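Engineer: Input: one structure, supplied below.
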Amino acid sequence: MKEMWEEESPHLSPHYWDVVYTLLCRGSLDEARKLLKSHPQSGREDFVSLDELLQVAPQGSQEMPSRQLDVWWQSWQADCARRVADGEFSLLPELETACKILMGDEDTLYELRKLGETWYNYLVTKVTYTRPTIGRQLLAELAEECLSAFGEGEPTALLDDILLAAFRFDLQQVLREASACLDDWWFSAHLADLLFHAGQMEASNVEYCNVMREYLLLEYASYLMSHGSLWQVGVDYLDHCPQQGREFLEAYLERLPLGTQSKALKVVEILERRDMWPVAQGICQSMAVQLQKKGQLGAALTWVIRCKNPMWTSKLADKFLLQYSVDREPS
């Protein structure tokens with residue numbers, strides 16, 4: 066589609082009309098008008114007639130009552146049907162097909178359904194041109210019809226099951242299906258958190274919504290913390306798990322291979338910002354002991370000071386000064 070816009074004479078492309086139909090099916094009427102105007106015969110009466118219909122196509126808004134939009138839409142589609150019946154597009158069958166899309170002709174929409182590549186794009190077309198004010202309960206039924214018509218009896222994929230559950234507003238099923246089929250927990254965790262803060266999990270009667278949200282966040286945090294470069298991001302997610310996040314963070318950081326002083330310092334700072342002093346102190350002590358055994362008394366002293374252990378600090382400082390007086394340079 067992008068390549069066609071760059072062509073000098075897009076109407077010569079064998080895909081020209083398919084692109085026009087695709088734009089109309091997904092509701093991109095301004096783009097369709099632009100492409101139609103690139104046709105050398107765009108000034109002809111039939112092209113002008115179709116452009117008039119596209120220009121005055123109903124545009125709904127949140128402020129507009131659905132009944133008003135429905136009446137406006139029916140009137141506009143009646144005008145589309147009248148122009149087809151009067152033979153205004155008889156010179157060029159492609160223009161007649163385009164107008165039949167606008168009037169919501171079921172046979173035409175079905176014939177062109179594969180242009181959208183997916184059943185949910187076909188659903189968008191059906192909703193736009195046949196049921197623009199459809200209610201949420203009927204939307205699920207229409208989604209299943211579109212899936213059946215598009216797939217022609219083929220087994221549904223996992224993504225299809227997720228989308229169907231979403232159209233049914235079965236949030237629990239959406240989370241269950243997403244957790245089972247996706248490679249990581251990003252989608253499930255963020256969707257659950259979004260629904261939780263929007264107050265929709267309680268409204269959908271999902272049992273133990275707090276527990277479910279936290280469970281999914283913990284799973285995603287675990288996924289992040291299993292990667293060497295993403296573990297600090299996982300820490301931020303644990304901050305939003307009031308029940309088990311702190312306990313999980315403590316258990317993870319106690320077992321995290323520190324490797325370098327720089328990484329150990331990052332861990333200690335994370336713990337100190339969260340007032341997790343006992344764990345931070347344990348890491349400082351461990352680093353001090355390791356460095357002292359290696360004879361790096363200066364570095365070890367730095368870690369002992371962070372431990373806030375006056376007696377140990379005093380003893381190690383004496384050793385450091387004694388070594389300095391002998392060697393004339395710190396270790």
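So for the sequence shown, the working numbering puts the first residue at 66; every next one is plus one.
All C-beta atoms, glycine included, are put in the ideal place defined by N, C-alpha and C.
Please read these numbers as outputs of a predicted model, since none were measured by experiment.
Quick check on Val121: buried or exposed, where buried means 16 or more other Cβ atoms within 10 Å of its Cβ?
Structural biologist: Position 56 of the sequence shown, counted from the start, is the residue given in the question as residue 121. Val121 is exposed by the Cβ-count criterion.
Engineer: Figure out for me which residue from Asp151, Thr173, Ile370 and Arg311 has the closest Cα to the Cα of Thr195.
Structural biologist: Position 130 of the sequence shown holds residue 195. The candidate whose alpha carbon is nearest that of Thr195 is Thr173.
Engineer: Would you mind working out which of Met376, Leu356 and Gly360 sits nearest Pro368, comparing C-alpha positions?
Structural biologist: Sequence index remark: in the sequence shown, residue 368 carries index 303 (1-based). Before going further, note that residue 368 is Trp rather than Pro in the sequence given. Residue Leu356 is the option with its Cα nearest to Trp368.
Engineer: In angstroms with no decimal places, state the Cα-to-Cα distance between Val239 and Ser131.
Structural biologist: As a first step, residue 239 is located in the sequence shown; it is residue number 174 there, counting from the start. As a first step, residue 131 is located in the sequence shown; it is residue number 66 there, counting from the start. Using only the alpha carbons, I get a separation of about 28 Å.
Engineer: Could you tell me if Gly181 is buried or exposed, where buried requires 16 or more neighbouring beta carbons within 10 angstroms of its beta carbon?
Structural biologist: Counting from one through the sequence shown, the residue named residue 181 turns up at place 116. When all chains shown are included, Gly181 counts as buried.
Engineer: Can you tell me where the alpha helix (DSSP H) holding Gly152 begins and where it ends?
Structural biologist: The residue you call residue 152 lines up with position 87 of the sequence shown. Gly152 -> no alpha helix (DSSP H), and no H or E assigned at all.
Engineer: Is it the case that the segment 293–303 contacts the segment 323–330, given that we only count it when at least three CB pairs across the two stretches are under 8 Å?
Structural biologist: Touching, no.
Engineer: What is the C-beta distance between Leu115 and Ala146, in whole angstroms, given that I count them as a contact (C-beta under 8 Å)?
Structural biologist: Taking the sequence shown and counting its residues from 1, one reaches residue 115 at position 50. Taking the sequence shown and counting its residues from 1, one reaches residue 146 at position 81. Not really, about 13 Å apart at Cβ, beyond 8 Å.
Engineer: Relative to the C-alpha of Asp249, which residue among Leu336, Glu73 and Leu289 is closest?
Structural biologist: By 1-based counting over the sequence shown, the position of residue 249 is 184. Cα-wise, what sits closest to Asp249 is Leu289.
Engineer: Among Lys358, Ala222, His305 and Val189, whose alpha-carbon lies nearest the alpha-carbon of Asp258?
Structural biologist: As a first step, residue 258 is located in the sequence shown; it is residue number 193 there, counting from the start. Measuring from the Cα of Asp258, the nearest candidate turns out to be His305.
Engineer: Between Ala243 and Ser253, which are expected to be in contact by the criterion C-beta below 8 Å, what is the C-beta distance as a whole number of angstroms?
Structural biologist: If you number the sequence shown from 1, residue 243 lands on position 178. If you number the sequence shown from 1, residue 253 lands on position 188. Contact holds; Cβ gap of about 5 Å.
Engineer: If you pair each beta-carbon of the segment 335–351 with each one of the segment 308–322, do three or more pairs fall below 8 Å?
Structural biologist: Touching, per the Cβ criterion.
Engineer: Please report the distance separating the alpha-carbon of Arg148 from that of Gln237.
Structural biologist: In the sequence shown, counting from the first residue as 1, residue 148 sits at position 83. In the sequence shown, counting from the first residue as 1, residue 237 sits at position 172. C-alpha separation (whole angstroms): 48 Å.
Engineer: Secondary structure at Phe261, three-state DSSP: helix, strand or coil?
Structural biologist: The residue you call residue 261 lines up with position 196 of the sequence shown. Correct three-state label for Phe261: helix.
Engineer: Any idea if Gly108 is buried or exposed, counting beta-carbon neighbours within 10 angstroms, 16 or more meaning buried?
Structural biologist: On the sequence shown, residue 108 is found 43 positions in, with the first residue counted as 1. Exposed, since its Cβ has fewer than 16 Cβ neighbours within 10 Å.
Engineer: For a quick check, are the C-beta atoms of Leu228 and Glu209 less than 8 Å apart?
Structural biologist: In the sequence shown, residue 228 corresponds to position 163, counting from 1. In the sequence shown, residue 209 corresponds to position 144, counting from 1. It is not a contact, given that the beta carbons lie outside the stated cut-off.
Engineer: Nearest to Thr198 by CA position, among Leu160, Gln133 and Val84, is which residue?
Structural biologist: Along the sequence shown, one-based indexing puts residue 198 at 133. Among Leu160, Gln133 and Val84, the Cα nearest to that of Thr198 belongs to Gln133.
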